[in-house]
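The next block holds one structure in the form of structure tokens; read it before the comments.
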Amino acid sequence: MNNRDILLEQLRTCRNENGWFTSMASAVKGLTQKQADWKSNEEMNSVHEIVRHLNFYNERYLNRFLELQIARPKVDSNDDTFEPQEGEEGSWSEAVGAYDRTLERWIEAVEQADDDRMNKWTGDLTHLTIHNAYHIGQIVLIRKQQGSWDKKYGVS
């Protein structure tokens with residue numbers, strides 16, 4: 035298994051194929067807008083905010099990987115990435131849809147990338163998938179705290 039195959043497996047697991055950890059699709063399955071916006075306290079992020087944060091970085095790094103010159107939303111700190119970006123409607127279903135579409139684009143981009151690009155980007159892509167897995171774990175924990183988690187969606 036080469037680096038490309040490993041990264042594709044990690045991206046697919048983050049998106050919608052449970053593996054060693056629960057995928058995003060399983061982690062958010064059946065979650066309502068109200069549940070997605072719930073916080074145990076003001077110091078914590080909601081599931082919705084976490085998905086926005088992942089969308090920000092997944093999209094930003096995808097554009098860099100594809101060498102696309104796209105105007106980036108201005109953020110003053112990492113905290114800003116948890117809030118709706120300019121032009122976003124901000125609904126839960128839109129955030130989940132954006133996550134899925136961006137990961138699908140990542141998978142296609144990695145499948146089509148030449149070896150030089152893959153060699154250059156392997157480190158960043160490894161961190162990107164670890165970042166997603168970390169936050170997916172947070173989402174599962176939040177759902178357990180609020181009582182909305184169904185263990186049938188997890189990894190046994």
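Per this note's numbering, residue 35 is the first one in the sequence shown, and the count goes up by one each step. Virtual Cβ for every residue (Gly too), placed ideally from N, Cα, C. Quantities reported herein were computed from a predicted structural model and do not represent experimental measurements.
How many angstroms separate the CA atom of residue i from the CA atom of residue j?
i    : j    : result
S182 : Q69  : 8 Å
A61  : G131 : 14 Å
G171 : D184 : 14 Å
E138 : R49  : 8 Å
A167 : L45  : 10 Å
T136 : Q179 : 28 Å
T156 : N75  : 37 Å
H161 : L41  : 10 Å
L159 : E142 : 14 Å
E77  : D150 : 42 Å
G53  : L102 : 31 Å
K14  : K154 : One cannot answer for residue 14 here, as it falls past the ends of the chain, which runs 35 to 190.
K108 : K63  : 31 Å
W126 : L88  : 13 Å
Specify, as a first and last residue, the run of the alpha helix (DSSP H) that residue i falls within.
i    : result
F55  : Here F55 belongs to no alpha helix (DSSP H), and DSSP marks it neither H nor E.
L175 : D149 to Q180
D71  : Q67 to D71
I104 : Unbroken run through I104: none, as it is neither H nor E.
W183 : From DSSP, W183 is part of no alpha helix (DSSP H); its letter is neither H nor E.
S127 : W126 to Q146
Which whole-angstrom value is the C-beta distance of residue i and residue j, which I expect to be below 8 Å?
i    : j    : result
N79  : W140 : Between W140 and N79 the Cβ distance is about 23 Å, and since that is not below 8 Å, they are no contact.
M58  : Y133 : 6 Å
V81  : I176 : 5 Å
R86  : A129 : 6 Å
V174 : R38  : In fact, because the Cβ distance is near 28 Å, the residues do not count as touching under 8 Å.
T47  : Y187 : Between Y187 and T47 the Cβ distance is about 14 Å, and since that is not below 8 Å, they are no contact.
H169 : I84  : 5 Å
Exercise. Quick one: any contact between the stretch 64 to 82 and the stretch 90 to 106, if contact means 3 or more CB pairs under 8 Å?
Worked result: Flag = no, the stretch 64 to 82 and the stretch 90 to 106 do not touch.
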